[in-house]
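Everything on this sheet refers to the single structure shown next.
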Amino acid sequence: MEAFTELDAVASPVMRQNIDTDIVIPIHRLRDVAQAELGAYAFEPLRYLPDGSDNPEFPLNKPAYKGAQILVADNNFACGSSREGAVWALMGMGIRCVIAPSFGPIFHNNCFQNGVLPIQLPREDVLAIAAELEGATRPGANSEPRLAINLHDRTVTTPSGRKIEFKVDGIRRESLLKGLNEVELTLTKENEIAAHQAKARAATPWLYQTSLSS
Amino acid sequence: MPKTLFDKIWDRHVIADLGDDYALLHISRHLMHDGGGRGLAMIKAAGQKVRNPDLTFATFDHVISTEPGRDHNTLKPYAQRLYDMRDEAKRWGIKLFDLGQPGQGIIHVVGPEQGISLPGTLLVCGDSHTCTHGGMGAIAFGIGATEVIHVLATQSLVQRKPKRLRATFEGTRHSSVTPKDMILHLIGQIGTAGGTGYAVEYAGSAIRALEVEGRLTICNLSIELGAKVGMIAPDEKTFAYLKGRPFAPTGAMWDQAVADWRSLASDADAVFDREVAVDVGKIAPQITWGTSPEQVIPVTANVPDPKSVADPDKQKAMQMALDYMGLKAGQPIQDAKIDWVFIGSCTNSRMSDLRAAAEVAKGRKVAGHVRAWVVPGSENIKREAEAEGIDRVFKEAGFEWREPGCSMCLAVNGDTIAPGQRSVSTSNRNFVGRQGPGGRTHLASPAMAAAAAIAGHIADVRQI
Ligand code: SF4
Numbered sequence: 001m002e003a004f005t006e007l008d009a010v011a012s013p014v015m016r017q018n019i020d021t022d023i024v025i026p027i028h029r030l031r032d033v034a035q036a037e038l039g040a041y042a043f044e045p046l047r048y049l050p051d052g053s054d055n056p057e058f059p060l061n062k063p064a065y066k067g068a069q070i071l072v073a074d075n076n077f078a079c080g081s082s083r084e085g086a087v088w089a090l091m092g093m094g095i096r097c098v099i100a101p102s103f104g105p106i107f108h109n110n111c112f113q114n115g116v117l118p119i120q121l122p123r124e125d126v127l128a129i130a131a132e133l134e135g136a137t138r139p140g141a142n143s144e145p146r147l148a149i150n151l152h153d154r155t156v157t158t159p160s161g162r163k164i165e166f167k168v169d170g171i172r173r174e175s176l177l178k179g180l181n182e183v184e185l186t187l188t189k190e191n192e193i194a195a196h197q198a199k200a201r202a203a204t205p206w207l208y209q210t211s212l213s214s
Numbered sequence: 215m216p217k218t219l220f221d222k223i224w225d226r227h228v229i230a231d232l233g234d235d236y237a238l239l240h241i242s243r244h245l246m247h248d249g250g251g252r253g254l255a256m257i258k259a260a261g262q263k264v265r266n267p268d269l270t271f272a273t274f275d276h277v278i279s280t281e282p283g284r285d286h287n288t289l290k291p292y293a294q295r296l297y298d299m300r301d302e303a304k305r306w307g308i309k310l311f312d313l314g315q316p317g318q319g320i321i322h323v324v325g326p327e328q329g330i331s332l333p334g335t336l337l338v339c340g341d342s343h344t345c346t347h348g349g350m351g352a353i354a355f356g357i358g359a360t361e362v363i364h365v366l367a368t369q370s371l372v373q374r375k376p377k378r379l380r381a382t383f384e385g386t387r388h389s390s391v392t393p394k395d396m397i398l399h400l401i402g403q404i405g406t407a408g409g410t411g412y413a414v415e416y417a418g419s420a421i422r423a424l425e426v427e428g429r430l431t432i433c434n435l436s437i438e439l440g441a442k443v444g445m446i447a448p449d450e451k452t453f454a455y456l457k458g459r460p461f462a463p464t465g466a467m468w469d470q471a472v473a474d475w476r477s478l479a480s481d482a483d484a485v486f487d488r489e490v491a492v493d494v495g496k497i498a499p500q501i502t503w504g505t506s507p508e509q510v511i512p513v514t515a516n517v518p519d520p521k522s523v524a525d526p527d528k529q530k531a532m533q534m535a536l537d538y539m540g541l542k543a544g545q546p547i548q549d550a551k552i553d554w555v556f557i558g559s560c561t562n563s564r565m566s567d568l569r570a571a572a573e574v575a576k577g578r579k580v581a582g583h584v585r586a587w588v589v590p591g592s593e594n595i596k597r598e599a600e601a602e603g604i605d606r607v608f609k610e611a612g613f614e615w616r617e618p619g620c621s622m623c624l625a626v627n628g629d630t631i632a633p634g635q636r637s638v639s640t641s642n643r644n645f646v647g648r649q650g651p652g653g654r655t656h657l658a659s660p661a662m663a664a665a666a667a668i669a670g671h672i673a674d675v676r677q678i
């Protein structure tokens, strides 16, 4: 997994509530397209017009947000299915960080498994960040729609220079900073797993009767 | 210290406390299906071992055909995936319920049906509706593809402990109000992010009054509340349901298990982080009008007007949903003419669901312009329904009777509706394009779906 430490990049607001994982990546694309190619289909229902051309209204299609590596979204971003392809599709379009007031819980876990940082902030802060980004794209604006994310000191710096602190669980932060692979880490705990399982087999033996008997 | 049901089961599965409310958890049941993560193929590619194949169970449901007479090759593009999964399961000694065998079906129907999903287990599966199994008194939640690898390789998972929410349902429901209506109503009440960050326990007299199948329906939609986990304390109904099922404990182990399961209830003075109350006496049959399960109304209502809400973002979201769904603010929802009815999915494809829909369909005809499908949740349900003659009731009314699978709930297998078409579906997601790009989905109970099929438009089952 690629480590995440600091990121100073273009950030695009996608301010809709309840953007579900079926929008982030439609199931037929997940089925038919290789993991590395999913980026072209991220947000497909919003991003393209029925004739397949770019929807000019979709923020990520606007020149000002070209090359965005950070998304700013509204409540309950990526709610719905467990498909890890939602994260892969975002990564495929270059996204390394998503800021929202709340996330679909399985998507939230899937981000950490792939080196993508989900940042949860109060909705007022998210709305303010989105407004600043939009402001920075207006003609004559003297800043760019960029955010600076620092995972070491857990801050987001907005175009106007405002620093907003965010919380991230210690264990997730450490894994991201070091780019650790969780499966490999857990495999080193085999003794503890075996000890627990022996205890569980003694305490609740019926859970282990299963296929052994059938 | 008093404990909630959730805490009791969680604590039993903690291998190591990792700080910050995180734990390394033992997984007592792992379920697999043919969609998504391709876990076994990835294990093979990574050269890893399946640590406890006896605790993993698999079946085919997502990418299979549901056409009568189907087999592995009916959908050519996925045939190889099925064969590969079957080979890998065999190589590791993982129990796989194959096409045509008892036990095949939608994974969340199969787990309880086979007695695999037991009270007190910590059960995971690479699918968000794994919360369904919480209806058996388990902690059950969906995981991503990398987490599936983690479980296969280590029989454990790193998770953060969620907060606890209790939703208490009291009162007596009208006879045509189903568990589906109860849970849709709750989602409408607290929203699709209302349960985010929580494990939800459904409690109260109206929950205890439900049979096990109805409890599974309730828990199924927990993820549509934003909650990974939804659960109901096991009781005598749960035990009676499980007794004699193929993978349930037997003999002296059964008695030992039941004695333990009786301790699995929240203590009377247990404290929840949030409490929500629902009066089921006030619930009417529900129907969704928009593209999120929280956009739900009683079937007697008119489509809401975005101008009636204050929040401009909500207004915008409502208007976009209306445009996508081809509906006008203020129109009676029952005016919406439909093209499709889908009765199936891990929400509503069990015997009680099929019986409820058949009761409405009996002696009536599906409207001429409507295509209506019934897709039983499992091979066993299909056989039981056929033995009961339910398939004939449906067929005589003009419904198509299909083979078990996910089918039009997710539409990944080609069972889709066309762009612009409108369907009433007993599944759990009315998202944009869920039943096919451009398709419009209204969620409802099986009886309501059958009523719509007969009427040809969204209809109140009480008036059919
Ligand atoms: S029936 Fe639908 S919701 Fe259930 S597992 Fe299958 S695709 Fe998922």
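Heads up: the protein sequence lines correspond to chains A and B, in order.
Using the working numbering, read the first sequence as starting at 1 and increasing by one per residue.
Using the working numbering, read the second sequence as starting at 215 and increasing by one per residue.
Cβ atoms here follow ideal geometry from the backbone N, Cα and C, with glycine treated the same way.
Practice prompt. Check distances from the C-beta atoms of the segment 115 to 141 of chain A to those of chain B and list, in chain order, the residues that come in under 8 Å.
Written response: From the segment 115 to 141 of chain A, no residue has a Cβ closer than 8 Å to chain B.
Specify the secondary structure class of B/Glu-614 as computed by DSSP and reduced to three states. Residue state for B/Glu-614 is assigned as strand, using DSSP reduced to three classes.
Ordered along the chain, which non-local residues of its own chain (more than five positions away) have a Cβ less than 7 Å from that of B/Ala-239? Looking at the sequence provided, one finds Leu at residue 239 of chain B rather than Ala. Excluding the 5 residues flanking it on each side, B/Leu-239 has same chain C-beta neighbours closer than 7 Å at His-227, Val-228, Ile-229, Leu-336, Ser-370, Leu-371, Gln-373, in chain order.
Residues in the segment 170 to 188 of chain A with C-beta within 7 Å of chain B's C-beta atoms, listed in sequence order? Correct list: Gly-170, Ile-171, Glu-182, Val-183, Thr-186, Leu-187.
- What's the C-alpha gap between B/Gly-652 and B/Thr-218? 43 Å
**Q.** Closest Cα partner of B/Ser-659 within the set B/Arg-597, B/Gly-670, B/Ala-570
**A.** Selected option, being the one with the closest Cα: B/Ala-570.
*asked:* When you compare the CB of B/Glu-361 with every CB in chain A, is at least one pair closer than 8 Å?
replied: yes
Practice task
Residues of the segment 638 to 649 of chain B with a CB closer than 9 Å to any CB of chain A: list them in chain order, please.
Solution key: So the close ones are Arg-643, Phe-645, Val-646, Gly-647, Arg-648.
Are the segment 253 to 261 of chain B and the segment 352 to 365 of chain B in contact at 8 Å, needing three or more beta carbon pairs?
yes
**Study point:** Assigned exposure category for B/Lys-394 - 16 Cβ within 10 Å defines buried
**Key:** buried
Roughly how many angstroms lie between the CA atoms of A/Arg-250 and A/Glu-144, to the nearest whole one? Past the edges of chain A, shown from 1 to 214, lies residue 250 of chain A, and the structure says nothing about it.
* To do: Tell me whether B/Thr-382 sits in a helix, a strand or coil according to DSSP, three-state version.
  => strand
query = What residues from chain B crowd round A/Ser-81, counting only those whose CB sits closer than 7 Å?
reply = Ser-342
A/Cys-97 - partner residues in DSSP beta bridges: Partner(s): A/Ile-70, A/Leu-117.
Q: Tell me, please, whether the CB atom of A/Leu-207 is closer than 8 Å to any CB atom in chain B?
A: Taking Cβ atoms only, chain B reaches closer than 8 Å to A/Leu-207, which makes this a yes.
May I have a chain-ordered list of the beta strand (DSSP E) segments no shorter than 3 residues that lie completely inside the segment 105 to 166 of chain A? 117 to 120, 146 to 150, 155 to 157, 163 to 165
May I have a chain-ordered list of the beta strand (DSSP E) segments no shorter than 3 residues that lie completely inside the segment 232 to 269 of chain B?
236 to 240, 243 to 246
| message | Suppose the cutoff is 6 Å on Cβ atoms and the five residues either side in sequence are ignored; what does the same chain contact list for B/Ile-557 look like? | response | Ala-571, Val-588, Thr-640, Pro-660, Ala-663
>> Within 8 Å of any Cβ in chain B, is that where the Cβ of A/Arg-16 sits?
In response: yes
Name, in chain order, the residues that DSSP records as bridge partners for B/Arg-654.
B/Arg-636
Item to complete: Say whether chain A places a C-beta atom closer than 8 Å to the C-beta of B/Gln-677.
Response: no
Review point. Just to confirm, does B/His-240 get its C-beta within under 7 Å of one of the non-hydrogen atoms of ligand 1?
Key: no
Query raised in the report: How about B/Ile-321 and B/Asp-341: are their beta carbons less than 8 Å apart?
Result: yes
Between the CA atoms of B/Tyr-236 and B/Asp-225 - distance to the nearest angstrom = B/Tyr-236 has its alpha-carbon roughly 12 Å from the corresponding atom of B/Asp-225.
| So which residues of chain A does B/Gly-440 contact, with C-beta pairs closer than 8 Å? | Here the neighbours are Asn-76, Cys-79, Ser-102, Gly-104, Pro-105.
- Query: The alpha helix (DSSP H) with B/Gln-470 in it runs from where to where?
  - Reply: Start and end: 465 to 475.
In DSSP terms, what A/Ala-11 is bridged to: A/Ile-70
query: When burial is assigned at 16 or more other CB atoms within 10 Å of the CB, is A/Ala-3 buried or exposed?
result: exposed
Report task. Decide yes or no for the touch test of the segment 239 to 248 of chain B against the segment 71 to 91 of chain A: beta carbon pairs closer than 8 Å, at least 3 of them. Result -> no
Counted within 10 angstroms of its Cβ, other Cβ atoms place B/Ser-522 as buried (16 or more) or exposed:
So B/Ser-522 counts as exposed.
> DSSP on B/Trp-503, reduced to helix/strand/coil?
Replying inline: coil
So who's on the other strand from B/Lys-377, going by DSSP bridges? Partner(s): B/Tyr-412.
*Does the distance from the CB of B/Ile-668 to the CB of B/Val-574 come in under 8 Å?*
yes
Review point. Between A/Arg-47 and A/Asn-61, which are expected to be in contact by the criterion C-beta below 8 Å, what is the C-beta distance as a whole number of angstroms?
Key: 6 Å
Roughly how many whole angstroms lie between the Cα atoms of B/Leu-568 and B/Cys-620? Rounded to whole angstroms, the separation of the alpha carbons of B/Cys-620 and B/Leu-568 is 15 Å.
Discussion item. Assuming B/Phe-274 and B/Asp-248 are in contact, meaning their beta carbons sit under 8 Å apart, how far apart are those beta carbons, in whole angstroms?
Written reply: 5 Å
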